[in-house]
Amino acid sequence: MEKKSVLLGIIIAFAIVGVYNLVPPDIDDSQPSADRPGYKLVTKVIDGDTVVVEGEHVRLIGIDADERGYPCHDEAKDRLEEYVLNEEVFLEADKSDKDQYDRYLRYIFLDGKNINLQLVKEGLAVARFFPDNVKYKEEIIAAEKEAIENKIGCKWGDDEPEPPRPLEWTKLTEESTGLKVVGACNAGNYTGEEIIVEGRVVDGYKHEATAIFLNFEKGYPNQCFTAVIWADSWHRFPEDADEYYGGETVRIRGEIKEYDGRVEIILKDTSQIEVG
2 MEKKSVLLGI IIAFAIVGVY NLVPPDIDDS QPSADRPGYK LVTKVIDGDT
52 VVVEGEHVRL IGIDADERGY PCHDEAKDRL EEYVLNEEVF LEADKSDKDQ
102 YDRYLRYIFL DGKNINLQLV KEGLAVARFF PDNVKYKEEI IAAEKEAIEN
152 KIGCKWGDDE PEPPRPLEWT KLTEESTGLK VVGACNAGNY TGEEIIVEGR
202 VVDGYKHEAT AIFLNFEKGY PNQCFTAVIW ADSWHRFPED ADEYYGGETV
252 RIRGEIKEYD GRVEIILKDT SQIEVG
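Numbering-wise (the working numbering), the sequence shown opens with residue 2 and increments by one.
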């Protein structure tokens with residue numbers, strides 16, 4: 002009986018060790034949600050290689066998908082939504098934690114499947130690596146080679162892709178407003194003037210019950226320009242406006258102001274903003 006108890010104890014001990022070996026190292030619950038090991042909920046898909054995970058922007062490592070307006074953007078985004086939107090996924094880091102736009106850099110796994118790799122296999126994204134993040138480089142490069150050779154997916158298929166579609170604007174144009182349209186990174190040259198600013202919202206941030214900040218072209222604190230929506234105006238905008246406009250190319254209208262060395266426009270209602 003004692004031998005059986007000892008044997009049972011050994012089996013249980015090995016089982017516990019086995020379970021703990023499945024848990025990723027460096028668990029740190031003090032880090033932002035996208036940086037903690039474990040399964041996290043994907044709340045929005047920005048495009049074919051960027052998602053929002055519980056309020057944090059996450060860039061898929063090792064791949065590059067088309068931007069909005071380019072031939073394979075919609076197919077890559079739609080497929081990524083099919084895989085991960087409203088799903089709890091596992092986020093795996095490599096050596097670099099964030100990119101220059103302050104997005105977390107991660108491999109995304111769903112039910113044990115490497116989604117980054119899968120998008121390349123399906124010919125919806127290309128392999129793209131930087132020196133610090135090469136953990137799955139061999140597998141992703143091999144998947145791209147196979148997709149090219151077999152003419153798989155939007156990137157490599159025989160069907161002629163549609164040419165890039167130019168952005169269209171209906172209300173915030175020079176013709177309809179009489180205002181000058183300038184790029185987000187040039188807005189600082191027009192302080193005190195009312196103009197229209199065009200650019201891509203790289204990230205959005207909701208500061209408690211105070212304000213929503215939409216950062217253009219680069220992530221905070223390196224953004225070219227910021228649109229600010231104070232809390233008393235939130236009810237006039239889409240719910241979770243920080244996520245709604247994230248990743249979109251937009252035009253905004255208003256007076257250019259400077260605050261703490263940053264260039265900004267205050268948005269009071271949706272008549273001041275248009276998605277391209």
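Beta carbons: idealized from backbone N, C-alpha and C, even for Gly.
query: As assigned by DSSP and simplified to three states, the class of Y191; result: helix
query: Best match in E145, I116, K258, G63 for proximity to S97 [C-alpha to C-alpha]; result: G63
query: Start-to-end residues for the alpha helix (DSSP H) that takes in H74; result: 74-85
query: CA nearest to the CA of I47, picked from Y40, G39, K41, R69; result: R69
query: Beta-carbon proximity check, L106 vs V54, cutoff 8 Å; result: no
query: Burial state of D243 (16 or more Cβ within 10 Å); result: buried
query: Nearest candidate by alpha-carbon position, reference Y191, set L81, G39, E169, R254; result: R254
query: DSSP-derived helix/strand/coil call for I141; result: helix
query: A228: first and last residue of the uninterrupted beta strand (DSSP E) it sits in; result: 226-231
query: N-terminal and C-terminal residue of the alpha helix (DSSP H) that D48 is part of; result: It is not in any alpha helix (DSSP H) - D48 instead sits in the beta strand (DSSP E) that spans 40-48.
query: Contact set for L168: own chain, Cβ-Cβ below 7 Å, skip 5 residues either direction; result: G70, T250, G277
query: Residue range of the alpha helix (DSSP H) that includes L120; result: 116-122
query: Status (buried if at least 16 other CB within 10 Å, exposed otherwise) for Q101; result: exposed
query: Sub-8 Å separation of G113 and G154 beta-carbons; result: no
query: Alpha carbon of L215 to alpha carbon of C186, nearest angstrom; result: 14 Å
query: Buried or exposed by the 16-neighbour rule on C-beta atoms within 10 Å, applied to T51; result: buried
query: Residues bridged to H208 (per DSSP); result: A212
query: Neighbour flag for E147 against chain B, beta carbons, 8 Å; result: Considering every chain present, this structure includes no chain B. It has just one protein chain.
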